[in-house]
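What follows is a short report on a single structure.
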Amino acid sequence: MPIAPIVTRLIPVTRLSRCYLPSIVPIRAFHTNNTHTTVHHHHSPVPVVPTGFTYIPGFLSQKEQLSLTRAALAHLDNVGPTAARRKQKRLIADGSVSIDEHGFLPEDSCYEFEQGHFDGVIRHYREARITDPQWASLDSDGELITILQRIKSLLPSVGTQCHVLHLSSRGEILPHIDNVDASGSIILGVSLGSARVLRLESVGHQTTEDGLPLYYELLLEPGSCYIQRDPVRYTHKHSIPKVPGTIHRGQRLSIMMRDMPTPTS
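Residue numbering for the sequence shown follows my numbering, beginning at 200 and increasing consecutively.
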């Protein structure tokens with residue numbers, strides 16, 4: 200599959216390609232609700248999009264998203280506290296809650312979310328590493344492995360690792376730069392559940408014409424895929440900001456894949 204670099208307007212690449220080139224512009228405020236999104240722009244020229252960032256909307260079908268969501272949530276439940284699993288079963292059995300059309304239990308309280316990550320970057324989340332054998336154990340009909348193989352085709356063929364990250368409706372990932380000692384040169388993220396904004400902020404001294412920090416924001420829609428390659432992972436802080444105000448957003452699940460760091464002598 201051809202992967203196209205992002206430019207500043209939405210253009211279909213080819214009739215056969217599923218890759219698109221979405222708009223990424225500096226944004227002052229991003230307001231969204233369940234039906235529409237309103238974006239307020241700076242009155243500054245659109246800067247060059249960071250080198251090494253690619254976005255692929257609609258990479259997964261609705262059916263594929265549901266299969267991946269169910270498996271990832273089941274894995275997080277399996278490796279999580281036993282008391283949390285018992286609570287979920289009790290709530291479902293007595294009819295208090297039911298799994299929604301996207302594969303989630305609708306209330307944050309149905310899950311045991313961590314309040315903060317050990318490095319302070321992630322808040323209100325569940326996270327776990329997942330291996331190929333663990334994925335296979337969750338695959339009842341072979342469809343899941345086919346989906347994962349298609350995702351992995353976007354990455355180097357060897358030396359990859361995967362983890363799943365579940366954010367509550369209040370969850371957020373604070374601005375950070377990847378640890379060069381813990382990861383390789385590329386990271387891929389598949390977005391599931393609620394759409395959330397990805398922000399890329401320059402770590403230099405670039406500002407807009409009115410003196411505000413220069414950053415880009417992109418709405419990561421469910422079923423989409425984004426890829427960050429050197430140098431954007433280290434020249435820009437990336438984050439998933441908390442949704443402002445009283446706007447309700449659902450839970451977000453992401454499947455993260457990355458290559459392994461190169462051993463140093």
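Even for Gly, the Cβ is constructed at its ideal location relative to N, Cα and C.
From the DSSP secondary-structure annotation, give me the bridge partner or partners of residue i.
i, result
"Y425", "Y254 and G388"
"D377", "Bridge partners of D377: none, in fact."
"S297", "For S297, which the question treats as bridged, DSSP gives no partner whatsoever."
"T461", "DSSP lists no partner for T461."
"H274", "Its beta-bridge partners do not exist; DSSP assigns none."
"V363", "A327 and I454"
"I321", "I372"
"K351", "In DSSP, K351 forms no bridge with anything."
"G315", "R322"
Alpha carbon to alpha carbon, how far is residue j from residue i? Give it in angstroms, no decimals.
i, j, result
"I223", "L337", "Note on I223: pLDDT 36, under 50, position unreliable in the model; no value is reported."
"F258", "Y425", "10 Å"
"L417", "P440", "11 Å"
"T281", "K288", "11 Å"
"E400", "R284", "38 Å"
"L343", "P332", "12 Å"
"L354", "T461", "15 Å"
"D299", "Q261", "13 Å"
"T253", "E371", "22 Å"
"K286", "Y324", "18 Å"
"S339", "V357", "25 Å"
"V278", "R395", "26 Å"
"S352", "L419", "20 Å"
"S295", "N378", "42 Å"
"M456", "D293", "37 Å"
By alpha-carbon positions, which one of the options ends up nearest to residue i?
i, options, result
"S367", "K351, E311 and Q360", "E311"
"R322", "I255, Q450 and S423", "Q450"
"E313", "H365, V431, G388 and T253", "H365"
"C361", "G370, L347 and G294", "L347"
"S384", "P305, Y324, V431 and Q264", "V431"
"Y415", "C309, R325 and L397", "L397"
"I350", "V389, I291, H274 and T330", "V389"
"G341", "E420, D293, E263 and P305", "E263"
"T330", "G294, P305, H274 and P421", "H274"
"I291", "C309, V278 and R395", "C309"
Please go through the same chain and pick out, in chain order, the residues whose beta-carbon is closer than 8 Å to the beta-carbon of residue i, but skip the five residues on each side of it.
i, result
"T268", "H301, G302, F303, L391, G392 and L452"
"T345", "none"
Contact defined as beta carbons within less than 8 Å: I believe residue i pairs with residue j. What is the distance between those atoms, to the nearest angstrom?
i, j, result
"D458", "T359", "6 Å"
"L373", "S266", "About 31 Å; that fails the 8 Å criterion."
"G251", "R428", "4 Å"
"I454", "A271", "6 Å"
"V363", "A335", "About 15 Å separates the two Cβ atoms, so there is no contact after all."
"P305", "S423", "Wrong, their Cβ atoms sit about 22 Å apart, outside the cutoff."
Tell me which same chain residues have a C-beta within less than 6 Å of the C-beta of residue i, skipping the five on either side of it?
i, result
"R448", "S368, S393 and V442"
"Y433", "I376"
"D307", "S367 and S368"
Leaving out five residues before and five after residue i in sequence, what residues of the same chain have Cβ atoms less than 7 Å from its Cβ?
i, result
"H435", "P249, L399, E400, S401 and V402"
"G315", "R322"
"T234", "Low local confidence applies: a pLDDT of 31 at T234 is under 50, so the model's placement there is unreliable, and no value is given."
"P421", "Q264, S390, L391, G392 and A394"
With a threshold of 6 Å, establish whether the CB of residue i neighbours any heavy atom of the ligand FAD.
i, result
"S336", "The model on display carries no ligand, and the ligand FAD is accordingly not part of it."
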